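Q:
Set out below in structure tokens:
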């Protein structure tokens, strides 16, 4: 049986309790790459109506990003950008950016967080919405990166005949990015206090 804390309320926890929990969390975090791969695989049984599954869309987006010469952080962002669709269909972009934030540079998380708004350009006018909602970000230093992400990779990745790399191909990259130490300043700019 695994060790458990002594408290029933967090305010009653001891130093030993929290040291044990900290180690448990660190050990659990080592399994993140495998959980990301499992969650991506589940996208194959996801939202219907498109010519490709959400998994195929994600794989195509990553394949296009890699072919375009995107760096590894942006490629993995293209791979996981819709990973939140299952649990957060109305704010999936925030889920994906939150997943990425501890492991990649701020530009990547901004692009993923805003991609849902930028994608509205392609369809919102058909549903009575504002296709130009992305204009609120004109002048932002990463506007062009998000535009490229959406135009070249995201909106273009619904083709069942596109030569897409399989999920297993991306496993080393997922392990590389999500196997990093969280909030490592070599990759992630420190948050302002």
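Numbering (my numbering), first residue to last: 26 to 218. No residue lacks a Cβ here, since even glycine has one placed at the ideal position from N, Cα and C. Here the structure is a predicted model, which means the values were calculated and not measured.
1. Thinking residue 80 and residue 68 are a contact (beta carbons under 8 Å), I'd like their distance in whole angstroms, please.
2. Tell me whether residue 209 is buried or exposed, calling it buried when 16 or more other Cβ atoms sit within 10 Å of its Cβ.
3. Mind checking whether residue 180 and residue 212 have CB atoms under 8 Å apart?
4. Enumerate in chain order the residues of its own chain whose CB-to-CB distance from residue 198 is below 7 Å, with the five nearest sequence positions on each side excluded.
5. Helix, strand or coil for residue 45? Go by DSSP, reduced to three states.
6. To the nearest angstrom, report how far apart residue 92 and residue 176 are at their CA atoms.
7. Roughly how many angstroms lie between the CA atoms of residue 160 and residue 145, to the nearest whole one?
8. Assign residue 138 to buried or exposed, taking buried as 16 or more other Cβ atoms, counted over all protein chains shown, within 10 Å of its Cβ.
9. Locate the alpha helix (DSSP H) running through residue 142, then write down its first and last residues.
10. With a 10 Å radius around its C-beta and 16 neighbouring C-beta atoms as the bar for buried, classify residue 188 as buried or exposed.
11. Can you say whether residue 124 is buried or exposed, counting buried as having 16 or more other CB atoms within 10 angstroms of its CB?
12. Just the C-alpha distance for residue 119 and residue 36, rounded to the nearest angstrom, thanks.
13. For residue 178, which residues from the same chain have a beta carbon less than 6 Å from its beta carbon, with the 5 sequence-adjacent residues on both sides left out?
14. Which of helix, strand or coil does DSSP assign to residue 189?
A: So, from the listed chains and residues:
1. Along the chain shown, read from residue 1 onward, the residue named residue 80 stands at position 55. Along the chain shown, read from residue 1 onward, the residue named residue 68 stands at position 43. The pair is a contact, with the Cβ atoms about 4 Å apart (cut-off 8 Å).
2. One-based indexing of the chain shown puts residue 209 at position 184. Residue 209 should be labelled exposed.
3. Counting from 1 along the chain shown, the entry for residue 180 is found at position 155. Counting from 1 along the chain shown, the entry for residue 212 is found at position 187. Contact: no.
4. Reading the chain shown from its first residue, position 173 is the one you call residue 198. Cβ neighbours of residue 198 beyond the five flanking positions: 97, 100, 101.
5. Stepping through the chain shown from its first residue, residue 45 is reached at position 20. It is helical.
6. In the chain shown, the residue the question calls residue 92 occupies position 67. In the chain shown, the residue the question calls residue 176 occupies position 151. Near 14 Å, if we compare the C-alpha coordinates of residue 176 and residue 92.
7. As a working note, residue 160 is residue 135 in the chain shown. As a working note, residue 145 is residue 120 in the chain shown. The C-alpha of residue 145 is placed about 11 Å away from the C-alpha of residue 160.
8. Stepping through the chain shown from its first residue, residue 138 is reached at position 113. The residue in question, residue 138, is buried, as its Cβ has 16 or more Cβ neighbours within 10 Å.
9. As a working note, residue 142 is residue 117 in the chain shown. 131–144 is the span of the alpha helix (DSSP H), which, as asked, contains residue 142.
10. Locating residue 188 in the chain shown gives position 163, counting from the first residue. When all chains shown are included, residue 188 counts as exposed.
11. Numbered from 1 along the chain shown, position 99 holds the residue referred to as residue 124. Burial call: buried.
12. Here residue 119 refers to the residue found at position 94 when the chain shown is read from its first residue. Here residue 36 refers to the residue found at position 11 when the chain shown is read from its first residue. In a straight line, the C-alpha of residue 119 is about 31 Å away from that of residue 36.
13. Indexing the chain shown from 1 puts residue 178 at position 153. Taken in chain order, the residues that qualify are 86, 89, 90, 103.
14. Numbered from 1 along the chain shown, position 164 holds the residue referred to as residue 189. The answer is coil: DSSP assigns residue 189 none of H, G, I, E or B.
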